[in-house]
Amino acid sequence: MKHLLGIDELSAADIERYLDRAQFYADGLADESWDRKTLVGKIVLILFFEPSTRTLTSFDFAAKRLGAHVVNWNPETSSLSKGESFMDTIRTFNAMEPDAIIIRHSEYGAPKFVAGRVNCPVINGGDSWREHPTQALLDALAMRQTFGALKGLNVSIIGDIAHSRVAASNIVLLTKMGANVRVIAPDMLMPEKMPAQGVEKFSDLEAGLKDANVVMTIRPQKERMDHVLIDDTAYFRDYGLTYDKLEWASKDAIVMDPGPFLRNVQIAEDLADDKGRFVYDTQVANGIPTRMAVLDMLINGKA
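Just so you know, the sequence shown maps onto residues 1183 to 1485 in our numbering.
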């Protein structure tokens, strides 16, 4: 049984296959030529233990675009509230024989735990600060659409590197694909160990943005901090992205953010509204074909 639990488990060839299939679906959605019956008769179970807008909704869209039925489970109205264990809840779902399970959980490694106890593909919709693989794939798709390839790109990631699963997955994917990755953060938001080798660390924004083709902002993940470490005003002064600071990057640089983004904390209001430089809408749109590709490849045994 193949799963998508993290970018760390994929080879560069695996990543290319996912991206190629995602582009296939992006093209199909654009000209309405995709096969709407790819997953007819299949049931996709979505188990989200944390709030979500983009990931949950785009998985829902993706499954339905392919003809699958979707079951969105709510932990707050489940038997977990009656004391049932997480393990027994997963056992119950497995007995119902879903065709795929998508899970988001605050516990590190929860998707892997589930994958070892069910008889269908499991897709990680985000676990703790460890990984968010489909976000990294859709981000990579946007970069590839803009620049043609990932190899050789200079990608600067600004923000809460220590607590961000998106940053972790992007770092792993981009280094595997031959991009040059830099991370920029204050000391309190910089991890001691990077999830991949060859990543350059910066605390100075100007130095870290030099010659960047892609600038990705990551919000302070306050929900994962034991104590709130960040003053928003000071953070924006030192690490918030503005047009003036973007001048330190390459002239063709695009700005990305996985969302939700905080205006005038991570990114200035006017830059956030510039759809020519800030490609957030493209990222969101790419979530659907990317997740269509993942569901198709895993459920139909193409991965």
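Heads up, the beta-carbon is just placed ideally off N, CA and C, and yes, glycines get one too.
Rounded straight-line distance, which links the Cα of residue j to that of residue i
i, j, result
"Leu-1227", "Ala-1282", "6 angstroms"
"Glu-1313", "Leu-1186", "11 angstroms"
"Gly-1493", "Asp-1420", "What is shown of the chain runs 1183 to 1485, which leaves residue 1493 out entirely."
"Ser-1193", "Tyr-1200", "11 angstroms"
"Val-1516", "Lys-1333", "This structure cannot speak to residue 1516, because the chain is shown only from 1183 to 1485."
"Leu-1356", "Val-1300", "30 angstroms"
"Lys-1427", "Thr-1235", "29 angstroms"
"Tyr-1425", "Gly-1330", "25 angstroms"
"Asp-1434", "Leu-1319", "22 angstroms"
"Gln-1379", "Ser-1385", "18 angstroms"
"Asp-1321", "Glu-1279", "32 angstroms"
"Asp-1242", "Glu-1289", "23 angstroms"
"Ile-1189", "Ala-1361", "15 angstroms"
"Val-1396", "Glu-1266", "46 angstroms"
"Phe-1275", "Ser-1215", "34 angstroms"
"Phe-1268", "Leu-1262", "7 angstroms"
"Lys-1184", "Lys-1375", "29 angstroms"
8 angstroms Cβ cutoff met for residue i and residue j
i, j, result
"Asn-1352", "Ile-1339", "yes"
"Thr-1399", "Gln-1448", "yes"
"Leu-1371", "Asp-1342", "yes"
"Arg-1273", "Thr-1237", "no"
"Ile-1481", "Met-1359", "no"
"Gln-1205", "Ala-1324", "no"
"Thr-1316", "Val-1461", "no"
"Ala-1208", "Asn-1468", "yes"
"Arg-1401", "Pro-1442", "yes"
Under the three-state DSSP convention, the category residue i falls into
i, result
"Val-1476", "helix"
"Thr-1464", "helix"
"Glu-1191", "helix"
"Ile-1481", "helix"
"Arg-1203", "helix"
"Met-1398", "strand"
"Arg-1459", "coil"
"Leu-1391", "helix"
"Leu-1512", "The structure shown does not extend to residue 1512, since the chain is modelled only from 1183 to 1485, so the question has no answer here."
"Glu-1451", "helix"
"Glu-1382", "strand"
"Met-1183", "coil"
"Ile-1412", "coil"
"Ala-1438", "With the sequence shown as reference, residue 1438 is identified as Met, and Ala is not the correct amino acid for it. If DSSP states are grouped into helix, strand and coil, Met-1438 belongs with the strands."
C-beta neighbour in chain C for residue i, strict 8 angstroms
i, result
"Gly-1265", "In the structure shown, chain C cannot be found, because there is only a single protein chain."
task = For the region 1207-1274, list the alpha helix (DSSP H) runs that are entirely contained and at least 4 residues long, ordered along the chain.
result = 1236-1247
key: Every unbroken alpha helix (DSSP H) inside the region 1277-1364 [4 residues or more]   = 1292-1297, 1315-1329 and 1347-1358
inquiry  = Pairs of beta-carbons, one from the region 1306-1325 and one from the region 1345-1362, closer than 8 angstroms: are there three or more?
reply    = Short answer: they touch.
query = Should the region 1292-1306 be called in touch with the region 1245-1256, which here means at least 3 C-beta pairs below 8 angstroms?
reply = no
message = Does the contact criterion of 3 or more C-beta pairs under 8 angstroms hold for the region 1440-1456 versus the region 1216-1231?
response = no
ask   = Are there three or more Cβ pairs, one per stretch, closer than 8 angstroms when the region 1217-1225 is compared with the region 1471-1481?
value = yes
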